[in-house]
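To start, the structure itself, in structure tokens.
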Amino acid sequence: MASEGNGTKVPLAQDPEALIDTIDTFSTRNIQASKASTGNDQGNSKHGNDTSSSSSFDPVDFLNHHYKTEASLISALPTLRSTLDKRLTTLDESISSTIQKQSDLADLTLSDVTRAKNAVRQLHQRVTTVQQKARQSEQAVQEITKEMKRLDNAKKHLSKTITALKRLHMLLHAVKQLRYSVRYSDPPDYKNAANLIDAVQLLLGHFDGYMNSVEKMRLVKNDVEKMRADLNEGILFSFRVAGFGGTKALEMKQRDLDKLKKNKKKPSVPQFDNDGHTQAKLETDGDSSGEPPKGTIPLPPSSLKDACHVIDALGEGKRKAFMKTFCGDHLEPYIQLFHPQNNTSAGGAHSATQQKPSFKINSTSPTADEKENSALSNPNPASLDQIERRYAWYRRMLRELDESFPNVFPKHWNMEYHMTYAFLSESSKHILLLFSSKEGSNKALRDRDCENVSVLLKALQKTMLFEKEMTAWLQREYDTKFDDGLTDDGEKKQVLGEDGEPLEFDASGKAVAAGSAEGIRIKYERQMNDRKKKEEAKNKQPDENDDLDMTHFNRNNDKPVVVAPLIGVASCAFEKFMSPYIALEEENMAEQLKEAVSDKTVDSRGEVPVFTSSTNLFLYIKNSITRCTTLTKGKTLFLLYRAFQRTLRKYAKVLASKYPSPLSGPAAAIGGLSIAGLTAGSSSGIKDIYRIPNGEETTICYVIDTCEYCSETVEALQDLIVDKVEEKYKSKIDMSGEEEAFHDVSAKGIKVLVAGLVHRTDQAFKGMYKIDWSAIDAVGEESPYVRSMHNEVQPFVVSVKQGLPNSYFRNFCDQFAMMFTNAFYNTITRQKRISESGTQQLLLDVYNLKTLLLKLPVLEKKESTSGSPGKQVGSSIAPAMYTKMVTKQFQRIETLLKLVGTPTELLIDVFKVQWQGGSAMDLQTVMNLKGLKRNDQASMLEKFGVDPITAMKNTANINDNIQTLQDKSSDVAAKVNNDLKEMREKVERFRGAFR
């Protein structure tokens, strides 16, 4: 039955119309499926999922699905038959009406198709006619405009020819004027020549295509090149005359010629050398007419300034070459005077005595007497000791240069900067030669003071002060812009306010927050103005006849040029040779370490008392960093950081040496127990026993406090060095190893305190072991050894608590409680037999000791008098974790004692209940303490579940081991006494040998 769930829809079996509609739906889908492509599997699968829409309709299944019984089908047949008859009648009528309409429209459709074909044919004929007429019109237009095109082409060619002739005329006229300015004017007219060179160069560019085909153009170009060469050489000669005089200038010119002949080179367009034409001119300059050679009279500064514009017009390459030659000419005397190779021994006369190196360098300028004494001590001007003379020479040279060339060089040349940079670069080369290797080819140039720290630091300081002085002078006098205020793409860095917010500036220069409405408006207007200027420059069409517009060749370019910084140019030469300075710093720190070995002075001004040697060491390190960073922040500071690492590791060893030495042999036992027996079941890592004299626990606490202070300060020291050192070394700064070294010493100090306190209870444990617990028949107060333990533990713990931070004191309490309870438990298990009263007495002692250990973290020093002010007590409750650990440790001891006091017949049952997870070995330990015989123990073990033979064997072995251990303890005690006696005798003999 279909859709019986909701009760609102009539079943198909009761609705013949719906049933026939369903059959029609199947028929329609079958027809669509037959027309669809065979590859449409998705649509077929979708229909196949419906139970009433299968691709293959089966009438029998359909009827069986909707009519469950034959009676229901028979009862419905009359209704179905009448419904089908009605459907057939309706379909017949519809088909008949459709056929009649189709027959009526057939003739009309045929006539419409015929008319459409005729209309298309006529349209095609019209289109063809239009195309023919268009071709005819195009041919007529071409015939009409043929002569006009010819005239237009003639006009274009004539215009180009006229323009070329005009440019050629301007070129020849400009070349003529340039020739007159260069060759016939005395002195040359540099002001006019500067503009003419640019004009000629621009006009020659229009005739590049004719240079190979037109001889006249090639001759003009060669003549221009010769005049450019003459200008270049003549300007260089004029500057040499102005700077050095005519005679010296002629010598320098002849030297250049000799160098050219020696190299056998013939450049076509020389920069500073002469071609064939200029050589001939040189040979005629030295005639014997008695008059000064032509051009040896110095030019006025105005002419030299115009000559600089000519150098600019010759091109950037010529300008750079001229500046390089100019700097080289004026630094030539410096090289002759201060180059190590041009002087006698680089070390000069050996000084009689060398003072001890010191970091106290006089930063003020030396007096005249000091300079004189310095010159007498080392007359060699190239030495490190006389490095100030280099910088004094350069200052004098700058003054002379300013007198010879006042306001001559254009601002954008930065001539003073380039001269200073060349001087510092040359000085760097000289300094490197002074540090030559002892075995190298330049060992004769090695300075005698290159390993003298005082001289080395003084020279470095003077060099850095000079670099800073020159930087400030250039910025103040010439407004030089150094490369520290621009981004990589050349744009200005965004200016930030005091709060770090970006700023914008209006037309009056007033600063406005960039994020405000006013700042956004200013930024938008600035961007719009920049965009408008770019568009105007792009859309502007230059006049093709305006070839000599002098605005293109403006020489007054005062726009500042960003240059590289001067700081580090010469001082970087010291970077690789600062090992004596590092060695001196490390030596001074090593002296402090030697004093720290025996120095026990404590500084109590901080949160925790520390040794003054630690504060002095870090103060020295801080001052050392300050000294170094004033000189350099590069490799030297990194090497100094390595020296700090080595020194701090050594200091950690010095602090560790203040701990007492561990005991060895039989002395390293507590109550007859070895260190293994004391630390069994704990993770304290204590491997040695220490004897701490009274009061020395305070010294150990000071060591731990000092290590804690050092580890915290080392972290701050690392941050300081990272902040100071250069970027490339920042990732290499790591002092975590030094922090770990101090943490390791602190951890060892806690172990020493724990082992030392346990060692102080040695006599108490021995007294506990010597008590015959099997003979005790009554329970009294706590045993004497308990009072002895109280007397040893309480003052020691109070002293340690006062000297350690809370975290370290908590660790000390944890380790001591673990080690003490292990020692107490193992001492009990070594007893031969404990009576029932003995177990009760031991339980009383255990309770007393448990109370003591639970109060360890909160013990306070007792007041000496009732009226004296007492120490403020913090929490009176021990930490929960500590309480839980101590309770667990003593629970094991209490369980052992309760089992020893349990009647024998109940032992197995009580053991299983109270000792969860206890083994047969633990049960046998209890039985040994109860004094059971071997046979009784074997039967008890058999009852516990152990094999009888194995039980007997184990019982015998354990008893034998216990007896052997007791015998050995007696032998060990006797041996220790003998060894001590022999040691005392050796000490006495040793003392007697030195009396």
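In terms of the working numbering, the sequence shown opens at residue 538 and continues consecutively. By construction, the Cβ of each residue, glycine as well, lies at the ideal position given by its N, Cα and C atoms. Being a predicted model, the structure only gives us computed values, none of them experimental.
Nearest-angstrom Cα separation, counted from residue j out to residue i
i, j, result
"E940", "G771", "21 Å"
"Q639", "E630", "14 Å"
"Q1474", "M1305", "26 Å"
"L628", "S619", "14 Å"
"M952", "E1062", "38 Å"
"D598", "S634", "36 Å"
"G780", "D726", "20 Å"
"A608", "I632", "36 Å"
"I968", "V1259", "29 Å"
"H1296", "K1285", "16 Å"
"A691", "V847", "42 Å"
"K693", "L787", "56 Å"
"L647", "Q669", "35 Å"
"Q1182", "S1273", "10 Å"
"L610", "Q637", "39 Å"
"Q1064", "I1057", "11 Å"
"A858", "C864", "10 Å"
"N1125", "P943", "53 Å"
"F1333", "A1457", "40 Å"
"E554", "F594", "19 Å"
"G1317", "L1389", "19 Å"
"A1292", "F1349", "10 Å"
"M860", "H955", "8 Å"
"D689", "Q679", "14 Å"
"Y1266", "E1123", "20 Å"
Bridge partner(s) assigned by DSSP for residue i
i, result
"Y1227", "P1199"
"D745", "Bridge partners of D745: none, in fact."
"V1100", "F1019"
"F1148", "V1139"
Short Cβ contact (8 Å threshold) for residue i with residue j
i, j, result
"I1371", "W1452", "no"
"S962", "V1106", "yes"
"L868", "Y958", "no"
"S775", "L836", "yes"
"E1319", "D1382", "yes"
"Q1129", "N1153", "yes"
"V778", "T833", "yes"
"L1379", "L1443", "no"
"C1247", "S1116", "no"
"Y1227", "L1200", "yes"
"F875", "A929", "no"
"G1454", "F1448", "no"
For residue j and residue i, believed in contact at Cβ under 8 Å, the rounded distance
i, j, result
"T1008", "V1100", "Not really, about 10 Å apart at Cβ, beyond 8 Å."
"V1098", "H949", "5 Å"
"L982", "S973", "5 Å"
"T1000", "S1108", "5 Å"
"L740", "R704", "6 Å"
"V719", "A730", "6 Å"
"V1262", "L1174", "5 Å"
"F1302", "A1360", "6 Å"
"S1283", "I1241", "5 Å"
"E1373", "G1438", "5 Å"
Run of the alpha helix (DSSP H) containing residue i, from where it starts to where it stops
i, result
"C1244", "E1233 to K1261"
"N769", "E752 to F781"
"L961", "M952 to L971"
"F1114", "Premise fails: F1114 is in no alpha helix (DSSP H) and is neither H nor E."
"D1382", "E1373 to L1391"
"W1544", "Because residue 1544 is not part of the residues shown, which for the chain are 538 to 1532, the question remains open."
"P838", "P838 to L851"
"V1334", "P1321 to G1340"
"P548", "No alpha helix (DSSP H) holds P548; DSSP gives it neither H nor E."
"Y1266", "E1264 to K1267"
"Q639", "E607 to R716"
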